[in-house]
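K.L.:
Chains as they are written, first to last, in the numbering used here: chain A, 251 to 406; chain B, 7 to 498. Where a beta carbon is used, it is the ideal one built from N, C-alpha and C, also for glycine. Quantities reported herein were computed from a predicted structural model and do not represent experimental measurements.
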Amino acid sequence: MRLTELLSPEVIRIPLQNNRKDQIIAELVDLLYKAKKIKNFETVLAAVMERERVMSTAMGDGVAIPHAKTDAVDGLAAAFGITRNLVDFDSIDGKPVHIVFLLIGPTEQSGPHLKALSRISRLMHREEFRQRLAGASDGQEVLDIIQAEERKYFSF
Amino acid sequence: MNGELFLLAAAVIVVISVLLSKVSERFGVPTLLLFLGIGMLAGSDGLGGIHFDNARMAQALGTVALAYILFAGGLETDVAVVRKVVRPALTLATLGVLMTALITGFCIHYLLGYSLMASLLIGSIVSSTDAAAVFAVLRSKNVGLKDPLRPLLELESGSNDPMAVFLTVGLLELIGDPGRPLLSLIPHFLQQMITGLALGFVMARLFIRIINRIKLDYEGLYPVLSLGWVLLTYALTAWFKGSGFLAVYITGLVLGEQNFSHKKSLIRFHDGIAWLMQILMFLTLGLLVFPSQLIPVAGQGLLIALLLILVARPAAVFFSLIPFHFSFREKHLISWVGLRGSVPIVLATFPMLAGLDQTHFIFNLVFFIVITSVLLQGTTIPLMARLAKVDAPLVRQRRYPIDFDNSEAMNLRLVDLFVPYGSQAAGQQILDLGFPKDCLITLISRSEKFIMPGGSTVLEEGDVLLILSSAENLAIAREILEKRKEEMPTGV
Numbered sequence: 251m252r253l254t255e256l257l258s259p260e261v262i263r264i265p266l267q268n269n270r271k272d273q274i275i276a277e278l279v280d281l282l283y284k285a286k287k288i289k290n291f292e293t294v295l296a297a298v299m300e301r302e303r304v305m306s307t308a309m310g311d312g313v314a315i316p317h318a319k320t321d322a323v324d325g326l327a328a329a330f331g332i333t334r335n336l337v338d339f340d341s342i343d344g345k346p347v348h349i350v351f352l353l354i355g356p357t358e359q360s361g362p363h364l365k366a367l368s369r370i371s372r373l374m375h376r377e378e379f380r381q382r383l384a385g386a387s388d389g390q391e392v393l394d395i396i397q398a399e400e401r402k403y404f405s406f
Numbered sequence: 007m008n009g010e011l012f013l014l015a016a017a018v019i020v021v022i023s024v025l026l027s028k029v030s031e032r033f034g035v036p037t038l039l040l041f042l043g044i045g046m047l048a049g050s051d052g053l054g055g056i057h058f059d060n061a062r063m064a065q066a067l068g069t070v071a072l073a074y075i076l077f078a079g080g081l082e083t084d085v086a087v088v089r090k091v092v093r094p095a096l097t098l099a100t101l102g103v104l105m106t107a108l109i110t111g112f113c114i115h116y117l118l119g120y121s122l123m124a125s126l127l128i129g130s131i132v133s134s135t136d137a138a139a140v141f142a143v144l145r146s147k148n149v150g151l152k153d154p155l156r157p158l159l160e161l162e163s164g165s166n167d168p169m170a171v172f173l174t175v176g177l178l179e180l181i182g183d184p185g186r187p188l189l190s191l192i193p194h195f196l197q198q199m200i201t202g203l204a205l206g207f208v209m210a211r212l213f214i215r216i217i218n219r220i221k222l223d224y225e226g227l228y229p230v231l232s233l234g235w236v237l238l239t240y241a242l243t244a245w246f247k248g249s250g251f252l253a254v255y256i257t258g259l260v261l262g263e264q265n266f267s268h269k270k271s272l273i274r275f276h277d278g279i280a281w282l283m284q285i286l287m288f289l290t291l292g293l294l295v296f297p298s299q300l301i302p303v304a305g306q307g308l309l310i311a312l313l314l315i316l317v318a319r320p321a322a323v324f325f326s327l328i329p330f331h332f333s334f335r336e337k338h339l340i341s342w343v344g345l346r347g348s349v350p351i352v353l354a355t356f357p358m359l360a361g362l363d364q365t366h367f368i369f370n371l372v373f374f375i376v377i378t379s380v381l382l383q384g385t386t387i388p389l390m391a392r393l394a395k396v397d398a399p400l401v402r403q404r405r406y407p408i409d410f411d412n413s414e415a416m417n418l419r420l421v422d423l424f425v426p427y428g429s430q431a432a433g434q435q436i437l438d439l440g441f442p443k444d445c446l447i448t449l450i451s452r453s454e455k456f457i458m459p460g461g462s463t464v465l466e467e468g469d470v471l472l473i474l475s476s477a478e479n480l481a482i483a484r485e486i487l488e489k490r491k492e493e494m495p496t497g498v
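Now the structure itself:
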């Protein structure tokens with residue numbers, strides 16, 4: 251599953267309007283809800299926050315990948331945003347975050363969910379890619395950058 | 007028909023039924039109607055031409071099937087959720103059923119002119135909602151209902167069958183022995199309920215004690231043990247003049263709440279058994295009915311069905327729930343999920359076996375009412391829920407590529423955690439991580455490939471780990487994963 255198939259300009263926001271972890275996640279979930287990618291705002295938000303309580307999804311290098319599985323989606327759904335400033339994402343050693351990739355998957359499809367998570371974490375690990383993303387000014391530009399990167403590193 | 011041919015026919019019908027259930031889910035037809043339809047199609051009026059009119063066998067099969075369906079239903083019911091709705095549910099299951107039976111009976115008597123006793127008998131037969139139907143429809147249509155509604159409806163449908171059975175059997179006794187006073191039924195009723203309740207609890211406790219102590223040599227024997235236990239519970243309770251249906255349901259409920267070894271595999275096993283039983287029961291009932299005989303009762307059947315759906319059930323629900331706090335919309339929806347199902351059809355075989363007149367007429371009438379109820383209400387529940395604004399997203403069980411069996415009452419969960427960039431865990435073998443012993447990495451997702459980890463597997467930055475662990479050990483794992491490498495350079 252290509253990430254560019256999951257994303258569209260309407261679920262990408264640059265810059266994000268909030269600068270607190272919970273508000274940022276709510277803002278991205280709201281994008282998904284307004285784009286009709288998820289059926290319920292509250293259950294999805296609650297599922298993501300529940301997962302964050304187990305362990306922060308801040309990856310380091312400014313990246314966070316909040317995610318959850320819920321029955322409020324029929325297939326994988328993703329949203330993307332970049333904050334103006336670095337934000338604390340509640341990890342133990344305080345890795346600050348400015349690139350946030352949200353992934354929501356249906357409960358009964360764990361395989362695709364886990365695969366998509368590892369694809370995101372693998373792509374985001376590349377510093378030069380992150381810098382290009384950080385320089386993007388709108389959703390279409392983000393899509394183009396991700397598409398180019400996916401072509402380079404994944405054959406499918 | 008000779009034995010081999012019969013087996014072949016039965017096997018083909020069952021397999022086709024299961025395969026077609028996939029189709030019915032897509033088109034929103036309640037699955038059980040499909041099984042019923044296949045049974046009718048295979049029957050003597052249909053393509054199959056199988057002649058089956060053995061009411062006694064159908065009743066025996068229906069009874070056994072219902073016991074397993076109720077047991078599985080109880081097993082899967084979340085007692086913590088159910089506890090909050092016990093009182094309204096039990097009121098619906100007793101007073102609600104009685105009112106439904108009386109109102110329906112009197113309506114039939116006054117509108118259609120049948121004798122009072124026969125009318126009340128029909129009312130009693132169709133008075134309970136059906137656990138199999140309610141569960142199947144909620145499941146197959148992916149209906150989500152707001153909180154107290156779903157457990158309330160499940161508990162009601164699971165616990166109201168004994169009342170309907172009791173009313174039907176009681177009325178048959180009265181019809182058979184006209185001199186008997188009506189009030190003599192009350193102690194009989196109390197005995198049914200109390201014995202059923204008590205034996206249900208006792209048998210559940212006993213089962214837990216046995217399964218935790220006994221170490222069977224073959225894993226496969228545990229489901230067999232539970233299979234026998236359900237029938238034992240039913241039969242023993244019936245022997246002591248209690249309600250066997252209530253007893254197996256209570257046993258299921260108690261077992262579902264307790265922890266015991268092999269619980270998860272038993273739940274899955276009985277889920278499968280319940281499906282098989284539903285298929286067998288509806289197939290048999292479909293075979294038992296002669297569609298050509300349904301046409302003459304269509305007019306009256308439709309009238310009674312509409313009375314039941316639009317008058318008797320709403321009146322019973324609204325009256326029974328007066329002491330409880332439910333909104334008008336909620337009561338409206340509860341009224342609408344008054345699905346009739348196999349219980350009335352099985353009950354309709356009782357008068358046949360009691361040797362009363364016109365019993366085929368009653369059977370066909372009841373059959374028609376049930377089909378109307380399932381077709382009309384079963385297919386429109388999601389719509390009604392949306393209209394009444396009491397729908398909610400469906401919450402299903404979490405499922406991973408790996409599932410695990412909670413065999414020794416452990417408090418474990420599966421979670422997916424990242425190996426953060428720059429984590430000191432990256433580049434290390436799992437063996438050297440210092441993970442707690444009971445914190446197991448079961449699967450690694452790396453660049454969209456799944457890796458089965460061993461002690462020598464080396465973690466990489468950005469790996470997604472599927473971890474099986476208790477909450478305490480998870481906190482230790484989290485610390486290990488979040489600790490950064492000493493030297494700073496990260497990224498590629």
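(1) Strictly below 7 Å CB to CB, what residues from chain B border Lys365 (chain A)?
(2) Report the neighbours of Thr307 (chain A) on chain B: residues whose CB is nearer than 8 Å to its CB, in chain order.
(3) What residues in the stretch 308–319 of chain A bring their beta carbon closer than 9 Å to a beta carbon of chain B?
(4) Which residues of chain A have a Cβ atom closer than 7 Å to the Cβ of Arg484 (chain B), listed in chain order?
(5) When DSSP builds the beta bridges, which residues end up paired with Ile512 (chain B)?
(6) Just to check my reading of the structure: Ile315 (chain A) and Leu256 (chain A) have Cβ atoms closer than 8 Å, yes? What is that Cβ distance to the nearest angstrom?
(7) Closer than 8 Å by beta-carbon distance: list the chain B residues that pair up with Lys345 (chain A), in chain order.
(8) From the DSSP output, in three-state form, read off Val431 (chain B) for me.
(9) So, is Arg270 (chain A) buried or exposed, given that buried needs 16 or more other C-beta atoms within 10 angstroms?
(10) I'd like to know if Glu225 (chain B) contacts chain A, where contact means its C-beta is closer than 7 Å to some C-beta of that chain.
(11) Is the Cβ of Arg372 (chain A) closer than 7 Å to any Cβ of chain B?
(12) In whole angstroms, what separates the C-alpha of Ile377 (chain B) from that of Leu472 (chain B)?
(13) Flag this pair as yes or no: are the beta carbons of Leu289 (chain B) and Gly45 (chain B) separated by less than 7 Å?
(14) Answer with yes or no whether the minimum CB distance from Arg369 (chain A) to chain B is below 7 Å.
(15) Taking the straight line between their C-alpha atoms, what separation do you get for Phe77 (chain B) and Glu467 (chain B)?
(16) If you drop the 5 nearest sequence neighbours on each side, which residues of the same chain put their C-beta closer than 7 Å to that of Ser462 (chain B)?
(17) Express the C-alpha separation of Leu67 (chain B) and Leu242 (chain B) in angstroms, rounding to a whole number.
(18) Within the 7 Å Cβ cut-off, does His375 (chain A) reach chain B?
(19) Excluding the five sequence neighbours on either side, which residues of its own chain have a C-beta within less than 7 Å of the C-beta of Gln359 (chain A), listed in chain order?
(20) How many Å lie between Asp167 (chain B) and Gly102 (chain B) at the Cα?
(21) Starting from Thr320 (chain A), follow its DSSP beta bridges and name the residues at the other end.
(22) Which one or two residues does DSSP pair with Ser475 (chain B) in a beta bridge?
(23) At the level of alpha carbons, what is the spacing between Ala95 (chain B) and Glu162 (chain B)?
(24) What are the start and end residues of each continuous alpha helix (DSSP H) run of 4 or more residues lying completely inside the stretch 274–314 of chain A, in chain order?
(25) Let me confirm a value: Gln383 (chain B) is counted as buried when at least 16 other C-beta atoms fall within 10 Å, else exposed. Which label applies?
(26) To the nearest angstrom, how far is the alpha carbon of Ile22 (chain B) from that of Gly292 (chain B)?
(27) Hey, is the stretch 173–180 of chain B in contact with the stretch 263–273 of chain B, meaning 3+ C-beta pairs nearer than 8 Å?
(28) Shorter than 7 Å from the beta carbon of Ser258 (chain A) to some beta carbon of chain B?
(29) What three-state label does DSSP hand Thr135 (chain B) in the structure shown?
(30) Are the CB atoms of Pro350 (chain B) and Leu132 (chain B) within a distance shorter than 7 Å?
(31) The stretch 463–475 of chain B: which residues have C-beta closer than 8 Å to a C-beta of chain A, in chain order?
(32) How long is the line joining the alpha carbons of Pro229 (chain B) and Gly258 (chain B), rounded to whole angstroms?
(33) Alpha carbon to alpha carbon, how far is Val498 (chain B) from Met374 (chain A)?
(34) Under 7 Å, do Ser130 (chain B) and Leu191 (chain B) count as touching if we go by C-beta distance?
(35) Do you know whose CA, among B:Leu118, B:Gly433, B:Phe424, B:Gly460, lies nearest Glu485 (chain B)'s CA?
(36) Going along the chain, which unbroken runs of the alpha helix (DSSP H) with 4 or more residues stay wholly within the stretch 64–89 of chain B?
P.N.:
Answer, in terms of the structure:
(1) Counted from its first residue, the first sequence places residue 365 (chain A) at position 115. Ordered by position in chain B, the residues that pass the 7 Å Cβ test against Lys365 (chain A) are Ser451, Glu454.
(2) Within the first sequence, the letter at position 57 stands for residue 307 (chain A). Here the neighbours are Phe424.
(3) When C-beta distances to chain B are compared with 9 Å, the residues of the stretch 308–319 of chain A below that value are Ala308, Met309, Gly310, Asp311, Val313, Ile315, His317, Lys319, in chain order.
(4) Here residue 484 (chain B) refers to the residue found at position 478 when the second sequence is read from its first residue. Near Arg484 (chain B) (Cβ distances below 7 Å), the residues of chain A are Met305.
(5) Residue 512 (chain B) is absent from the structure shown; chain B starts at 7 and stops at 498.
(6) Start at 1 with the first residue of the first sequence, and residue 315 (chain A) comes out as number 65. Start at 1 with the first residue of the first sequence, and residue 256 (chain A) comes out as number 6. Wrong, their Cβ atoms sit about 13 Å apart, outside the cutoff.
(7) In the first sequence, residue 345 (chain A) corresponds to position 95, counting from 1. Correct list: Pro426.
(8) In the second sequence, residue 431 (chain B) corresponds to position 425, counting from 1. Sequence check: residue 431 (chain B) is Ala here, not Val. Assignment of Ala431 (chain B) by DSSP, reduced to helix, strand and coil, places it in the coil class.
(9) Looking up residue 270 (chain A) in the first sequence gives position 20. With fewer than 16 other Cβ atoms within 10 Å, it is exposed.
(10) What you label residue 225 (chain B) is simply residue 219 of the second sequence in a count that begins at 1. Closer than 7 Å: no.
(11) As a first step, residue 372 (chain A) is located in the first sequence; it is residue number 122 there, counting from the start. Yes, because at least one Cβ of chain B sits closer than 7 Å to the Cβ of Arg372 (chain A).
(12) In the second sequence, residue 377 (chain B) corresponds to position 371, counting from 1. In the second sequence, residue 472 (chain B) corresponds to position 466, counting from 1. Rounded to whole angstroms, the separation of the alpha carbons of Leu472 (chain B) and Ile377 (chain B) is 46 Å.
(13) Mapped onto the second sequence, residue 289 (chain B) falls at position 283. Mapped onto the second sequence, residue 45 (chain B) falls at position 39. For the pair Leu289 (chain B) and Gly45 (chain B), the CB atoms are nearer than the 7 Å cut-off.
(14) To locate residue 369 (chain A), count along the first sequence from 1; it is residue 119. At least one chain B Cβ lies under 7 Å of Arg369 (chain A).
(15) The count along the second sequence starts at 1 and reaches residue 77 (chain B) at position 71. The count along the second sequence starts at 1 and reaches residue 467 (chain B) at position 461. Their Cα atoms are separated by approximately 48 Å.
(16) Walking along the second sequence from the start, residue 462 (chain B) turns up at place 456. Same-chain partners within the cutoff: Gln435, Leu437.
(17) Taking the second sequence and counting its residues from 1, one reaches residue 242 (chain B) at position 236. Taking the second sequence and counting its residues from 1, one reaches residue 67 (chain B) at position 61. In this model, Leu242 (chain B) and Leu67 (chain B) are separated by some 18 Å (Cα to Cα).
(18) Against the first sequence, residue 375 (chain A) aligns to sequence position 125. Taking Cβ atoms only, chain B reaches closer than 7 Å to His375 (chain A), which makes this a yes.
(19) Stepping through the first sequence from its first residue, residue 359 (chain A) is reached at position 109. No residues qualify anywhere along the chain.
(20) Taking the first residue of the second sequence as position 1, residue 167 (chain B) is located at position 161. Taking the first residue of the second sequence as position 1, residue 102 (chain B) is located at position 96. Roughly 12 Å separates the two Cα atoms.
(21) For the purposes of this step, residue 320 (chain A) is taken as residue 70 along the first sequence, with counting starting at 1. Beta-bridge analysis with DSSP links Thr320 (chain A) to A:Pro356.
(22) For this step, residue 475 (chain B) is matched to residue 469 along the second sequence. In DSSP, Ser475 (chain B) forms a bridge with B:Arg419.
(23) As a working mapping, residue 95 (chain B) is identified with position 89 in the second sequence. As a working mapping, residue 162 (chain B) is identified with position 156 in the second sequence. In this structure, the straight-line span from the alpha carbon of Ala95 (chain B) to that of Glu162 (chain B) is close to 5 Å.
(24) DSSP runs (the alpha helix (DSSP H)) wholly in the stretch 274–314 of chain A: 291–304.
(25) For this step, residue 383 (chain B) is matched to residue 377 along the second sequence. For Gln383 (chain B), the number of other beta carbons within 10 angstroms of its own is at least 16, and it is reported as buried.
(26) The sequence position of residue 22 (chain B) within the second sequence is 16, counting from 1. The sequence position of residue 292 (chain B) within the second sequence is 286, counting from 1. Their backbone Cα atoms lie some 15 Å apart in a straight line.
(27) Contact check between the stretch 173–180 of chain B and the stretch 263–273 of chain B: fewer than three CB pairs, one atom from each, fall below 8 Å, which does not count as touching.
(28) The count along the first sequence starts at 1 and reaches residue 258 (chain A) at position 8. False, the Cβ-Cβ gap to chain B never drops below 7 Å.
(29) The sequence position of residue 135 (chain B) within the second sequence is 129, counting from 1. Three-state DSSP puts Thr135 (chain B) in coil, outside helix and strand.
(30) The count along the second sequence starts at 1 and reaches residue 132 (chain B) at position 126. The count along the second sequence starts at 1 and reaches residue 350 (chain B) at position 344. It should be noted that the sequence gives Val, not Leu, for residue 132 (chain B). In this structure, the beta-carbon distance from Val132 (chain B) to Pro350 (chain B) falls below 7 Å.
(31) So the close ones are Glu467, Gly468, Asp469, Val470, Leu472.
(32) Locating residue 229 (chain B) in the second sequence gives position 223, where the first residue counts as 1. Locating residue 258 (chain B) in the second sequence gives position 252, where the first residue counts as 1. Going by the C-alpha atoms only, they are around 14 Å apart.
(33) Within the second sequence, numbered from 1, the residue matching residue 498 (chain B) stands at position 492. Within the first sequence, numbered from 1, the residue matching residue 374 (chain A) stands at position 124. Confidence in Val498 (chain B) is poor, its pLDDT being 43 and thus under 50, which makes the residue's placement unreliable; the coordinate value appears in the next sentence. Going by the C-alpha atoms only, they are around 10 Å apart.
(34) To locate residue 130 (chain B), count along the second sequence from 1; it is residue 124. To locate residue 191 (chain B), count along the second sequence from 1; it is residue 185. Their beta carbons are not under 7 Å apart, which means Ser130 (chain B) does not touch Leu191 (chain B) by this criterion.
(35) The residue you call residue 485 (chain B) lines up with position 479 of the second sequence. The alpha carbon of Glu485 (chain B) has as its nearest neighbour, out of B:Leu118, B:Gly433, B:Phe424, B:Gly460, the alpha carbon of B:Phe424.
(36) DSSP runs (the alpha helix (DSSP H)) wholly in the stretch 64–89 of chain B: 85–89.
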